[in-house]
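Read through the structure below, which is laid out as structure tokens, and then see the notes.
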Amino acid sequence: MRFDRAELVDEARRSGTLAGLPSGHFIDGRFVASISRAKMQSFDPGRGVPFATFAAGSAEDVARAVVAARAALSGPWPRLTPAARGEILMRASHLLRERAARFAVVETLDSGKLLAESEGDVGGVVRCLAYYAGAADKLQGDSVPLGPDYLGVTIEEPVGVVAQIVPWNYPLSTAARGIAPALAAGCTLVVKPAEQTPFTTLMLAELLHEAGLPAGVLNVVAGTGAEAGAALVAHPGIDHITFTGSVATGQRVMQAAAEHVTRLQLELGGKSPVVLMADCEIEAAVEGVIGAIYENAGQICSAGSRLIVEKAIAQEVLDRLVARVEAMALGHGLSEAQIGPINSPQQLARIDAHVARARAAGNRILTGGGIVPDAECGGGWFYRPTIILADGLDDPLVQEEIFGPVLTVQIVQGLDEAIAAANATPYALVAGIYTRDHGSAWRFARAVDAGQVYINEFFAGGVAMPFGGNRKSGFGRAKGMAGLRSYCKLKSVVARL
Ligand code: NAI
Ligand code: MG
Numbered sequence: 042m043r044f045d046r047a048e049l050v051d052e053a054r055r056s057g058t059l060a061g062l063p064s065g066h067f068i069d070g071r072f073v074a075s076i077s078r079a080k081m082q083s084f085d086p087g088r089g090v091p092f093a094t095f096a097a098g099s100a101e102d103v104a105r106a107v108v109a110a111r112a113a114l115s116g117p118w119p120r121l122t123p124a125a126r127g128e129i130l131m132r133a134s135h136l137l138r139e140r141a142a143r144f145a146v147v148e149t150l151d152s153g154k155l156l157a158e159s160e161g162d163v164g165g166v167v168r169c170l171a172y173y174a175g176a177a178d179k180l181q182g183d184s185v186p187l188g189p190d191y192l193g194v195t196i197e198e199p200v201g202v203v204a205q206i207v208p209w210n211y212p213l214s215t216a217a218r219g220i221a222p223a224l225a226a227g228c229t230l231v232v233k234p235a236e237q238t239p240f241t242t243l244m245l246a247e248l249l250h251e252a253g254l255p256a257g258v259l260n261v262v263a264g265t266g267a268e269a270g271a272a273l274v275a276h277p278g279i280d281h282i283t284f285t286g287s288v289a290t291g292q293r294v295m296q297a298a299a300e301h302v303t304r305l306q307l308e309l310g311g312k313s314p315v316v317l318m319a320d321c322e323i324e325a326a327v328e329g330v331i332g333a334i335y336e337n338a339g340q341i342c343s344a345g346s347r348l349i350v351e352k353a354i355a356q357e358v359l360d361r362l363v364a365r366v367e368a369m370a371l372g373h374g375l376s377e378a379q380i381g382p383i384n385s386p387q388q389l390a391r392i393d394a395h396v397a398r399a400r401a402a403g404n405r406i407l408t409g410g411g412i413v414p415d416a417e418c419g420g421g422w423f424y425r426p427t428i429i430l431a432d433g434l435d436d437p438l439v440q441e442e443i444f445g446p447v448l449t450v451q452i453v454q455g456l457d458e459a460i461a462a463a464n465a466t467p468y469a470l471v472a473g474i475y476t477r478d479h480g481s482a483w484r485f486a487r488a489v490d491a492g493q494v495y496i497n498e499f500f501a502g503g504v505a506m507p508f509g510g511n512r513k514s515g516f517g518r519a520k521g522m523a524g525l526r527s528y529c530k531l532k533s534v535v536a537r538l
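Printed below as a string of structure tokens:
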């Protein structure tokens, strides 16, 4: 099996796939076929063709995985000290660093994203595993002052069996930001990756097992949402659900969770604003906007998909953005392109439908606005990076998540109007502002409803900063120490002395 970057890229370019990809579910410490023997294909979005098959799980496979995860809660795992759990995570972090190129090339083939982005994601997961390795033995409770006759303490206990549903846009990163803290807290898991992108999650489970995780602690069942996903979130043997994906599916998962009163955290969509005040450093801000909306071809829950710009600089900012966007090369993730494909033909059609409706409504399209024809991109699923002017706060371009390389522009006068525009959607995931005036920046940070606010650098932060949404963007937090506590249940113990 290859681990060298140049050799891997060469193999993938030459053969269209890689030898040695996992083909089964990972249950109870080993790869197994579906009980029904069913399989599915995964596609390379950069070419629009299937490149590998994997096991398609059903309710039976899910049940088998949940049994393994429950049994592991009474095996060697709960007897390990928190420090020993941390050592396993640290070994996994080192192993992943050694195999980073392999994970990155697989992620690019499976999801479509540019190789440099996949490498960034894998680097982030190396760091995520190390962060929670170090956090495992720092999950301290409180002692509570109750006077001389009592002693009160709080204890953070693992919540039990965690079900995690992972989407296709950041397959490995999203899986890891659930898996690492859940393991640090002492939980066991059954993870269901998206049917478009199962491979790196399966590879991560194998790697953690090699790093010393006992069998059954981390199980991965691949397959569709309708079959494997729905069976998992409805299973009575699950204690906590971590879901990342669309609002509509999140609502269904919430209904399923109600049946058994299963704990739940939801990370849903966004329509996140990036505000450019007239006093900002324009060049840095324009680069910030480009990264905020065109990274991963805009398929990011926290994408900065709405530019809110002060009128005084609007023309200059838009001229620069259009020039910058029109110079971006589209191409396969393993090429030298600056913008990669859309993950699926379904998503490509959804993006195009949003833009077609805007065009029909008379919105001005400053650049882009169309599917790239096959002849130009060799059969892959590509959408032209697009910039469109919005028409008022009620415009669907302002209100609806597009989840593609489409930037909506809103022009405002002053900070108060910028704040009102920022808060004008049902979503509240992230918000960014570029300004030299820290007073304005902090006023914005306090007034905007969002799980995280970025000042002068969109996507700033990393695994140590808690991440999650409010309102229709969901609830609960991943990352940081808050992410660790998501996988704990708090017990209060009081002694009469
Ligand atoms: P989805 O929300 O249906 O899929 C996300 C995950 O949920 C996948 O693993 C899927 O297999 C699983 N799933 C689907 N139905 C399920 C069910 N009934 N029970 C349990 N799990 C289930 O999203 P989809 O259809 O792939 O994309 C639709 C839209 O969702 C996109 O256009 C985008 O707007 C949004 N989206 C948001 C993401 C985010 O990061 N917040 C990620 C992916 C999509
Ligand atoms: Mg794929």
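Residue numbering for the sequence shown follows our numbering, beginning at 42 and increasing consecutively.
Even glycine gets a Cβ: it sits at the ideal position worked out from N, Cα and C.
Helix, strand or coil for residue i per DSSP?
| i | result |
| --- | --- |
| Q82 | strand |
| P199 | strand |
| G19 | Absent from the model: residue 19. The displayed extent of the chain is 42 to 538, so no value can be given. |
| H276 | coil |
| I460 | helix |
| A472 | strand |
| H96 | Before going further, note that residue 96 is Ala rather than His in the sequence given. Three-state DSSP puts A96 in a strand. |
| V504 | coil |
| S77 | coil |
| R518 | coil |
| K179 | helix |
| F144 | helix |
| L230 | strand |
| A91 | Before going further, note that residue 91 is Pro rather than Ala in the sequence given. Correct three-state label for P91: strand. |
| Q237 | coil |
Can you check which of these residues, the options, is closest to residue i by C-alpha distance?
| i | options | result |
| --- | --- | --- |
| G70 | A326, A96, V231 and P255 | P255 |
| A298 | H281, P314, L309 and S313 | H281 |
| P234 | V202, G227, A223 and A217 | A217 |
| V366 | S376, Q340, Q356 and L407 | L407 |
| G253 | A536, T94, Q493 and S134 | S134 |
| G381 | R111, E336 and A355 | E336 |
| G510 | I412, V288 and R484 | V288 |
| P426 | G286, A333 and V166 | A333 |
| E236 | A402, A97 and E417 | A97 |
| W118 | T229, Y468, E300 and S159 | T229 |
Report the partner residues of residue i according to the DSSP bridge assignment.
| i | result |
| --- | --- |
| I452 | V350 |
| Y172 | Answer is none; Y172 lacks a bridge partner. |
| N511 | A469 |
| S184 | V194 |
| T265 | DSSP lists no partner for T265. |
Would you kindly report the start and end of the unbroken alpha helix (DSSP H) that includes residue i?
| i | result |
| --- | --- |
| Q340 | Note, Q340: premise wrong, no alpha helix (DSSP H); not H, not E. |
| L305 | Per DSSP, L305 belongs to no alpha helix (DSSP H); it is in the beta strand (DSSP E), R304 to E308. |
| L49 | R46 to S56 |
| I129 | P123 to E139 |
| I220 | P212 to A226 |
| T241 | F240 to E251 |
| L438 | P437 to Q440 |
CA-CA distance, residue i and residue j?
| i | j | result |
| --- | --- | --- |
| Y191 | E198 | 22 angstroms |
| A53 | I331 | 29 angstroms |
| A125 | S77 | 37 angstroms |
| G57 | D151 | 11 angstroms |
| D51 | G257 | 36 angstroms |
| G521 | F508 | 8 angstroms |
| V262 | D490 | 36 angstroms |
| A482 | R347 | 17 angstroms |
| D102 | A93 | 20 angstroms |
| M318 | G329 | 13 angstroms |
| A113 | T122 | 15 angstroms |
| S214 | G175 | 18 angstroms |
| I206 | E357 | 43 angstroms |
| I383 | R120 | 45 angstroms |
| A40 | I460 | The requested residue 40 is not part of the displayed model; the chain covers only 42 to 538. |
| E324 | A368 | 16 angstroms |
| G270 | T238 | 14 angstroms |
| R105 | I196 | 31 angstroms |
| E441 | I412 | 20 angstroms |
| A204 | K513 | 21 angstroms |
By the DSSP assignment, the beta strand (DSSP E) with residue i in it spans what residues?
| i | result |
| --- | --- |
| L525 | No beta strand (DSSP E) contains L525, which is instead part of the alpha helix (DSSP H) from G521 to R526. |
| H66 | H66 to I68 |
| R537 | C529 to R537 |
| H281 | H281 to T285 |
| Q493 | Q493 to I496 |
| V261 | L259 to V261 |
| P314 | S313 to L317 |
| T427 | T427 to L430 |
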